[in-house]
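Note that the protein sequences, when read in sequence, are chains F and X.
Taking my numbering, the leading residue of the first sequence gets 949, the next gets one more, and so forth.
Taking my numbering, the leading residue of the second sequence gets 122, the next gets one more, and so forth.
Cβ coordinates follow ideal geometry from the N, Cα and C atoms, glycine included.
Everything numeric in this text was worked out from a predicted model, so none of it was measured.
Below: one structure, written as structure tokens.
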Amino acid sequence: GENVEQHPSTLSVQEGDSAVIKCTYSDSASNYFPWYKQELGKRPQLIIDIRSNVGEKKDQRIAVTLNKTAKHFSLHITETQPEDSAVYFCAASLYNNNDMRFGAGTRLTVKP
Amino acid sequence: DTGVSQNPRHKITKRGQNVTFRCDPISEHNRLYWYRQTLGQGPEFLTYFQNEAQLEKSRLLSDRFSAERPKGSFSTLEIQRTEQGDSAMYLCASSSGGLAGERNEQFFGPGTRLTVL
Chain F
949 GENVEQHPST LSVQEGDSAV IKCTYSDSAS NYFPWYKQEL GKRPQLIIDI RSNVGEKKDQ
1009 RIAVTLNKTA KHFSLHITET QPEDSAVYFC AASLYNNNDM RFGAGTRLTV KP
Chain X
122 DTGVSQNPRH KITKRGQNVT FRCDPISEHN RLYWYRQTLG QGPEFLTYFQ NEAQLEKSRL
182 LSDRFSAERP KGSFSTLEIQ RTEQGDSAMY LCASSSGGLA GERNEQFFGP GTRLTVL
């Protein structure tokens, strides 16, 4: 089955700096890679996703890159703000498959 | 509220007791998922329904766990003979199924936090 590893487990950046979170996956058949943000005490919420037919996707200050050959994908947050502080989870699955596997999460702290 | 709802939000029980949680998905969503999340970890997939049919079960789901979705709307997750290791946040999510060209975004509920004493 799919195994997703996520690094780093914690990340602290200064406001305005960029943050990068990396994930690797094991199942080469996976083709859907969402990223979820979970604020303290709240539910996970999708912030961006990418399908394997695309190498990069951008939405304002966040972007995701995918390297299918190397089986890794990354989340990039530019111009970080204190409200970006949360736990971020990557995940991988087949697009219509529902056995979505999540990484262990990265706790991002943005210092004002 | 048109989002996914879960009840109860918190449950404290003694070891050996049975507990049941309920999830009400977004009304037009035909897919429903249960996850378990422990502190510092990502959600772990437990099981998934398409309408009333339970199509996948993780090997994490021991025979003490059972889930139902009898009418293809709300779902219940029951844990029998609870153990301290069952203490976790139980998350429910729903999606519209990711039809051709449509993102299969899973919308999460607020979770039920279970504490087994």
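Item, Value
"Chain F within 8 Å of proline 164 of chain X, Cβ atoms only", "yes"
"Contact the segment 1006–1026 of chain F vs the segment 970–989 of chain F: 3+ CB pairs below 8 Å", "yes"
"Cβ shell of isoleucine 998 of chain F (< 6 Å), same chain only, five flanking positions each side left out", "Phe981, Lys1005, Val1012 and Leu1014"
"Straight-line Cα distance separating phenylalanine 229 of chain X from glutamate 173 of chain X", "19 Å"
"C-alpha gap between proline 231 of chain X and asparagine 1001 of chain F, whole angstroms", "32 Å"
"Rounded straight-line distance, which links the Cα of glutamine 1029 of chain F to that of glutamate 189 of chain X", "42 Å"
"Closer than 7 Å at the beta carbon, the chain X residues around phenylalanine 1037 of chain F", "Gly163"
"Minimum Cβ-Cβ distance from alanine 977 of chain F to chain X less than 8 Å", "no"
"Chain F contact for glycine 107 of chain X (CB, 8 Å cutoff)", "As displayed, chain X neither begins before 122 nor continues past 238, which places residue 107 of chain X out of reach and without an answer."
"Distance, leucine 1056 of chain F Cα to glutamate 963 of chain F Cα", "11 Å"
"Interface partners of leucine 988 of chain F on chain X, CB under 7 Å", "In chain order: nothing, as chain X lies at least about 12 Å away."
"Beta bridge counterpart(s) of methionine 1048 of chain F as assigned by DSSP", "BP columns for methionine 1048 of chain F are empty, so no partner."
"is_contact[glutamate 151 of chain X, chain F] using C-beta, thresh 8 Å", "Correcting the residue identity first, residue 151 of chain X is asparagine in this sequence and not glutamate. It does not: the Cβ of asparagine 151 of chain X has no partner Cβ on chain F nearer than 8 Å."
"Length-filtered (3 minimum) beta strand (DSSP E) runs lying within the segment 139–220 of chain X", "140–145, 152–158, 165–171, 174–178, 186–189, 196–200 and 209–216"
"Members of the segment 222–238 of chain X that neighbour chain F once the beta carbon cut-off is set at 9 Å", "Arg224, Asn225, Glu226, Gln227, Phe228, Phe229, Gly230, Pro231 and Gly232"
"Chain X within 8 Å of tyrosine 973 of chain F, Cβ atoms only", "no"
"Of the listed residues X:Cys213, X:Pro164 and X:Glu226, nearest to tryptophan 155 of chain X (C-alpha basis)", "X:Cys213"
"CB contact check: phenylalanine 1021 of chain F to chain X, cutoff 8 Å", "no"
"Neighbour list for alanine 1052 of chain F in chain B, Cβ cutoff strictly below 9 Å", "Checking the listed chains, one finds no chain B in this structure; the protein chains it contains are F and X."
"Assigned exposure category for glutamine 227 of chain X - 16 Cβ within 10 Å defines buried", "buried"
"8 Å Cβ cutoff met for phenylalanine 195 of chain X and aspartate 145 of chain X", "yes"
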